[in-house]
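S.K.: The structure that follows is given in the form of structure tokens.
Protein chains in written order, with our numbering: chain A, 836 to 928; chain B, 16 to 336.
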């Protein structure tokens with residue numbers, strides 16, 4: 836399965852300046868591991884040592900937060916768009 | 016009902032209206048709770064009153080005592096609501112406001128007599144929170160209610176908004192609301208789950224992390240303490256991002272059912288429609304969603320009248336959620 840991963844501004848310097856990276860994998864965990872193999876500098880920023888998601892990283896598959904779809908076990912299929920976003924204070928009207 | 020001693024008595028008990036004409040599925044009813052009917056114009060009136068009353072109960076604020084100063088970070092509605100309550104109670108309010116909010120929000124804060132302290136627009140709400148924390152630390156004599164961490168925020172929704180929803184819509188199956196401080200979702204969500212454990216709680220958020228370019232690293236991230244204290248990840252069933260274009264499209268479509276709503280409410284309605292689309296055809300569902308505020312504060316964005324792509328670009332530069 837090949838998905839497209841959208842990289843947030845804050846991670847781009849450590850990821851070759853790319854905004855979009857195609858990555859193979861059948862789960863979110865596989866996709867993120869693949870990314871950390873290509874870009875070791877971001878390893879600690881994507882995944883914790885136990886393989887769970889970094890607490891300030893939100894990962895979305897087609898705009899759905901994967902924490903509510905099974906976390907790193909959430910499935911990925913061809914042409915999925917995966918968005919990485921830092922957790923920030925929302926608008927908080 | 017018709018005569019009240021204070022405008023503060025008009026907070027809450029907002030109407031719910033059927034907007035199912037916009038539902039993508041005939042088996043899914045969508046109901047919108049109109050929080051713009053609160054006296055200072057948004058859902059945050061409930062929070063502001065709750066924060067102030069809790070501080071007064073704790074003796075942190077004393078009604079009638081002169082020169083009591085409050086500081087609070089807000090991208091708009093909390094500041095506006097607090098400013099109104101402070102005006103009535105005689106407190107002085109300083110609002111730390113990202114410089115890129117809509118000009119109407121700024122005007123309303125000034126109208127209620129608040130002082131505005133600008134924080135860098137590029138840092139979004141994160142920057143406002145950080146600056147308010149710093150200033151509160153430098154001025155221990157000021158009262159810092161800190162809506163992101165204060166249990167009186169979700170409490171307002173646990174004791175008011177949640178019970179109102181269940182009383183008016185006992186058949187509710189899904190609750191869809193925006194995720195900012197997480198106060199609405201944590202308070203209403205917890206109340207509904209306690210009384211109807213099968214209710215699904217959906218959080219809608221804008222792609223803030225994409226728009227905030229002032230982050231130096233992921234370690235500058237922020238999760239509202241309220242979300243952590245209420246075990247938000249367990250409480251929510253789904254969390255969905257709604258993009259600026261969908262937000263504007265649904266803000267416009269709300270006029271088809273006679274509702275002139277703010278941009279975040281358009282985003283939340285877009286999320287309610289996504290939620291409806293996940294419900295099987297043979298299942299009857301009732302979604303309750305929140306209209307946080309009305310459209311007046313967003314007229315300067317041209318959201319209803321200008322070319323949608325231009326409006327989207329403009330919306331990306333302001334904080335609308």
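Every residue, glycine too, gets a C-beta built ideally from N, C-alpha and C.
What is the DSSP secondary structure of residue 316/B, counted as helix, strand or coil?
M.R.: Indexing the second chain from 1 puts residue 316/B at position 301. DSSP places residue 316/B in helix when its eight states are reduced to three.
S.K.: Got a sec: is the Cβ-Cβ distance from residue 924/A to anything in chain B below 8 angstroms?
M.R.: Here residue 924/A is taken as the residue at index 89 of the first chain, counted from 1. Residue 924/A counts as touching chain B.
S.K.: Against chain B, does residue 903/A count as a neighbour if the rule is that its beta carbon must be under 8 angstroms from one of theirs?
M.R.: Here residue 903/A corresponds to residue number 68 of the first chain, with the count starting at 1. Residue 903/A counts as touching chain B.
S.K.: Judging by CA-CA distance, which residue of 311/B, 290/B, 223/B, 313/B is the nearest neighbour of residue 845/A?
M.R.: For the purposes of this step, residue 845/A is identified with residue 10 of the first chain, where counting begins at 1. Answer by Cα proximity: 223/B.
S.K.: Short of 8 angstroms Cβ to Cβ, which residues in the stretch 843-854 of chain A face chain B?
M.R.: Answer set for the stretch 843-854 of chain A: 843, 844, 845, 846.
S.K.: If we count Cβ pairs, one from each stretch, closer than 8 angstroms, do we get three or more for the stretch 90-106 of chain B versus the stretch 120-140 of chain B?
M.R.: The stretch 90-106 of chain B vs the stretch 120-140 of chain B: in contact.
S.K.: Name, please, each residue of chain A whose Cβ falls closer than 7 angstroms to the Cβ of residue 207/B.
M.R.: For the purposes of this step, residue 207/B is taken as the residue at position 192 of the second chain. Simply none; closest approach about 17 angstroms.
S.K.: So, is the C-beta of residue 898/A closer than 8 angstroms to a C-beta in chain B?
M.R.: In the first chain, counting from the first residue as 1, residue 898/A sits at position 63. Output row for residue 898/A: interface = yes.
S.K.: To which residues of the same chain is residue 167/B closer than 6 angstroms at the C-beta, ignoring the five residues directly before and after it?
M.R.: Locating residue 167/B in the second chain gives position 152, where the first residue counts as 1. 65, 66, 69.
S.K.: Which partner residues of residue 55/B appear in the DSSP bridge assignment?
M.R.: Along the second chain, read from residue 1 onward, the residue named residue 55/B stands at position 40. Bridge partners of residue 55/B: none, in fact.
S.K.: With a threshold of 8 angstroms between beta-carbons, can residue 910/A be considered close to chain B, or not?
M.R.: Position 75 of the first chain holds residue 910/A. Not closer than 8 angstroms to any Cβ of chain B, the Cβ of residue 910/A fails to qualify, so no.
S.K.: In angstroms with no decimal places, state the Cα-to-Cα distance between residue 143/B and residue 924/A.
M.R.: In the second chain, counting from the first residue as 1, residue 143/B sits at position 128. In the first chain, counting from the first residue as 1, residue 924/A sits at position 89. C-alpha separation (whole angstroms): 9 angstroms.
S.K.: With DSSP as the reference, label residue 76/B as helix, strand or coil.
M.R.: Numbered from 1 along the second chain, position 61 holds the residue referred to as residue 76/B. It is coil, neither helix nor strand.
S.K.: For a contact meaning CB atoms closer than 8 angstroms, what does residue 251/B contact in chain A?
M.R.: As a position in the second chain, residue 251/B is number 236, starting the count at 1. Result: 903.
S.K.: Going along the stretch 866-895 of chain A in order, which residues come within less than 8 angstroms of chain B, judged by CB to CB distance?
M.R.: Going along the stretch 866-895 of chain A in chain order, one finds 880, 889, 890, 891, 892, 893, 895 with a Cβ nearer than 8 angstroms to chain B.
S.K.: Three-state secondary structure (DSSP) at residue 233/B?
M.R.: Taking the second chain and counting its residues from 1, the one referred to as residue 233/B is at position 218. Residue 233/B: helix per DSSP, three-state reduction.
S.K.: Nearest-angstrom Cα distance between residue 922/A and residue 127/B?
M.R.: What you label residue 922/A is simply residue 87 of the first chain in a count that begins at 1. What you label residue 127/B is simply residue 112 of the second chain in a count that begins at 1. Those two C-alpha atoms are separated by around 32 angstroms.
S.K.: Identify the continuous alpha helix (DSSP H) that holds residue 264/B and give its terminal residues.
M.R.: Counting from one through the second chain, the residue named residue 264/B turns up at place 249. Segment 259-268, the alpha helix (DSSP H) holding residue 264/B.
S.K.: DSSP three-state label for residue 244/B, please.
M.R.: Taking the second chain and counting its residues from 1, the one referred to as residue 244/B is at position 229. Looking at residue 244/B - three-state DSSP - the assignment turns out to be helix.
S.K.: Is the CB-CB distance between residue 104/B and residue 78/B below 8 angstroms?
M.R.: Along the second chain, read from residue 1 onward, the residue named residue 104/B stands at position 89. Along the second chain, read from residue 1 onward, the residue named residue 78/B stands at position 63. Yes.
S.K.: Please give me, in chain order, every unbroken run of the beta strand (DSSP E) with length at least 3 that falls completely inside the stretch 838-862 of chain A.
M.R.: Segments of the beta strand (DSSP E) lying fully in the stretch 838-862 of chain A: 855-859.
S.K.: Report the neighbours of residue 280/B on chain A: residues whose CB is nearer than 9 angstroms to its CB, in chain order.
M.R.: For the purposes of this step, residue 280/B is identified with residue 265 of the second chain, where counting begins at 1. Within 9 angstroms Cβ-Cβ: nothing; residue 280/B doesn't reach chain A, min ~10 angstroms.
S.K.: If distances are taken between C-alpha atoms only, which option among 203/B, 145/B, 107/B, 210/B comes closest to residue 158/B?
M.R.: Along the second chain, one-based indexing puts residue 158/B at 143. Closest by alpha carbon: 107/B.
S.K.: Tell me whether residue 259/B, by its Cβ, gets closer than 7 angstroms to a heavy atom of the ligand GDP.
M.R.: The ligand GDP is not part of the structure shown, which contains no ligands of any sort.
S.K.: When the distance is taken between beta carbons, is residue 304/B closer than 8 angstroms to residue 47/B?
M.R.: Your numbering for residue 47/B matches position 32 in the second chain. Your numbering for residue 304/B matches position 289 in the second chain. A contact, by the Cβ cut-off of 8 angstroms.
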